[in-house]
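Residue numbers (the numbering used here): 11 to 321. C-beta: ideal position from N, C-alpha, C; glycine also. These figures come from a predicted structure and were not determined experimentally. See below for the structure under consideration.
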Amino acid sequence: MLAIRGVYEVAIKVRDLERAEDFYRRVLGLTVGIRDDARRRVFLRAGGQAGMVVLIEDRGEWPAQHLAFTVDAADIDAAAAALRRAGVEVEGPVVHDWMPAKSAYFSDPDGHELELCAPLPSSAVSPRGPQPSIETGRLVLRPFELRDAAIVRELAGDRAIADTTLEIPHPYGDEIAEAWIASHPARWERGEIATFAVTTAEAGVVGAIGLGIRPEHRRGSLGYWIGRPYWNRDYATEAVKAVIDFGFRSLALNRIQALHFVRNPASGRVMVKAGMRCEGTFREHLLKWDRLEDVAQYAILRADVAPPHGA
Ligand SMILES: CC(C)(COP(=O)(O)OP(=O)(O)OC[C@H]1O[C@@H](n2cnc3c(N)ncnc32)[C@H](O)[C@@H]1OP(=O)(O)O)[C@@H](O)C(=O)NCCC(=O)NCCS
11 MLAIRGVYEV AIKVRDLERA EDFYRRVLGL TVGIRDDARR RVFLRAGGQA
61 GMVVLIEDRG EWPAQHLAFT VDAADIDAAA AALRRAGVEV EGPVVHDWMP
111 AKSAYFSDPD GHELELCAPL PSSAVSPRGP QPSIETGRLV LRPFELRDAA
161 IVRELAGDRA IADTTLEIPH PYGDEIAEAW IASHPARWER GEIATFAVTT
211 AEAGVVGAIG LGIRPEHRRG SLGYWIGRPY WNRDYATEAV KAVIDFGFRS
261 LALNRIQALH FVRNPASGRV MVKAGMRCEG TFREHLLKWD RLEDVAQYAI
311 LRADVAPPHG A
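The structure is reproduced here in structure tokens:
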């Protein structure tokens with residue numbers, strides 16, 4: 011088994027080598043290892059075991075990248091303050107509620123998103139609080155309660171809901187809604203998934219939306235349904251937008267993705283309207299009711315909604 015011990019170097023593209031070198035030396039205190047003028051690149055040492063950051067000048071089009079530097083927990087607040095004094099706009103430091111670490115975010119002059127990340131002892135992270143509710147223009151997204159089981163059974167019990175989702179059984183047995191709702195608090199506590207009832211003031215529960223969480227990749231996966239009587243009122247779109255915002259802001263995710271069966275274009279429309287981008291189609295990717303389904307994958311990145319400063 012290969013045992014990787016750390017990252018030796020990371021390379022990022024920059025538009026102006028001198029400007030970028032100045033930023034990384036002055037603001038982050040990196041030192042020059044090798045300067046390769048012919049190939050317009052500079053190898054900067056990050057100190058200790060941290061390896062090297064390679065700046066490569068490239069005036070073409072390239073996407074912004076994310077670089078996280080580990081710092082000591084005792085230093086991160088002072089480091090963020092020093093960055094601010096140096097004129098850098100800094101978000102945080104924030105203590106993550108999904109991993110024992112504290113991070114501060116900022117951008118380099120080329121729009122790359124940089125992070126100072128300080129690992130904390132597990133005991134330093136307060137227990138995850140109760141799952142919050144989210145209010146949008148017309149909807150309240152709130153944790154399900156056991157008394158919602160009957161309406162879930164009625165709405166999700168419609169064959170049309172099971173037909174284009176993966177996890178919803180049909181027929182929808184009596185105990186299924188109760189067991190599903192009862193599992194939510196522990197799954198939120200473990201940081202696995204945030205499941206919300208989609209509710210309106212007039213009708214109560216009209217649907218459900220869940221954000222599965224993979225903290226190790228800072229990635230979330232959406233799943234949702236809206237009861238058939240409430241289709242085509244923009245409810246799914248409003249809920250998806252709100253949960254994407256929640257995932258980026260409150261869970262510090264970097265990427266939120268979702269899949270839909272190609273034969274279910276309404277869900278694809280929801281993803282497009284929520285700002286997600288189609289990344290491709292997987293042919294015959296999933297087996298549903300003995301039928302192999304073509305599946306489209308959509309995603310939105312944190313940088314798509316809040317371009318890094320200077321980008
Ligand atoms: C997919 C689903 C969540 C959409 O919910 P919704 O609240 O009706 O969605 P919205 O009203 O926000 O948007 C629906 C969009 O799809 C469009 N649409 C509806 N039926 C369509 C069809 N057959 N072909 C193409 N577009 C369609 C609507 O016109 C609307 O787009 P528009 O605003 O551009 O006109 C709902 O149909 C549902 O729960 N289906 C069953 C479960 C499911 O498929 N979940 C998603 C799994 S990936």
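Fewer than three beta-carbon pairs drawn from the segment 114 to 134 and the segment 206 to 221 are found closer than 8 Å, and the two stretches are therefore not classed as touching. Taking the Cα positions, Val37 is about 45 Å away from Val208. Here DSSP, grouped into helix, strand and coil, assigns Glu212 to coil.
Distances from the CB of Leu269 to the heavy atoms of ligand 1 include at least one below 7 Å. Judged by beta-carbon spacing, Leu221 lies beyond the 8 Å limit of Ile236, meaning their Cβ atoms are not closer than that value. Exclusion of Pro239 from the 7 Å shell around ligand 1 follows from its C-beta lying no nearer than that to any non-hydrogen atom of the ligand. Scanning Arg279, Ser260 and Arg94 for the CA closest to the CA of Val105 turns up Ser260.
With a threshold of 16 other beta carbon atoms within 10 Å, Val216 meets it and is buried. In this structure, the CA atom of Trp198 is about 15 Å from the CA atom of Ala189. Residue nearest to Val42 within the set Val63, Val253 and Arg94 is Val63 (criterion: CA-CA distance).
With respect to Val282, Ala306 sits apart: the two C-beta atoms are not nearer than 8 Å. Using a 10 angstroms sphere on the CB of Pro103, the tally of other CB atoms reaches 16 or more, which defines it as buried. Between Glu185 and Thr205, the alpha-carbon positions lie close to 18 Å from each other.
Glu123 places its beta carbon 8 Å or farther from that of Gly61. For Trp198, the uninterrupted alpha helix (DSSP H) run begins and ends at Ile186 to Glu199, by DSSP.
The three-state reading of DSSP puts His106 in coil, since its state is none of H, G, I, E or B. If you check the C-beta of Ala213 against ligand 1, you find no heavy atom less than 7 Å away. Across the set Val253, Ala83 and Ile161, the C-alpha of Val253 shows the shortest separation from the C-alpha of Leu149.
DSSP links Pro129 through a beta bridge to Ala111. The Cβ neighbour count for Ala187, taken over all protein chains shown within 10 Å, is at least 16; the residue is labelled buried. Pairing Ile66 with Val315, the inter-Cα distance amounts to about 26 Å. Just so you know, the alpha carbons of Phe33 and Arg69 end up roughly 18 Å apart.
DSSP places Val42 inside the beta strand (DSSP E), whose first and last residues are Thr41 to Asp46. With respect to the C-alpha of Gly121, the residue from Trp72, Gly147, Arg163 and Arg51 having the closest C-alpha is Trp72. For Arg50, the closest of Arg25, Arg35, Ala56 and Gly39 by C-alpha to C-alpha distance is Arg25. Around the beta-carbon of Leu296, fewer than 16 other beta-carbon atoms lie within 10 Å, marking it exposed.
Gln267 places its beta carbon less than 8 Å from that of Arg229. DSSP places Arg312 inside the alpha helix (DSSP H), whose first and last residues are Arg312 to Val315. DSSP, reduced to helix, strand and coil, places Thr247 within a helical segment of the structure shown. Relative to ligand 1, Thr209 has its C-beta separated by 7 Å or more from all heavy atoms. Lys298 has its CB no nearer than 7 Å to any heavy atom of ligand 1.
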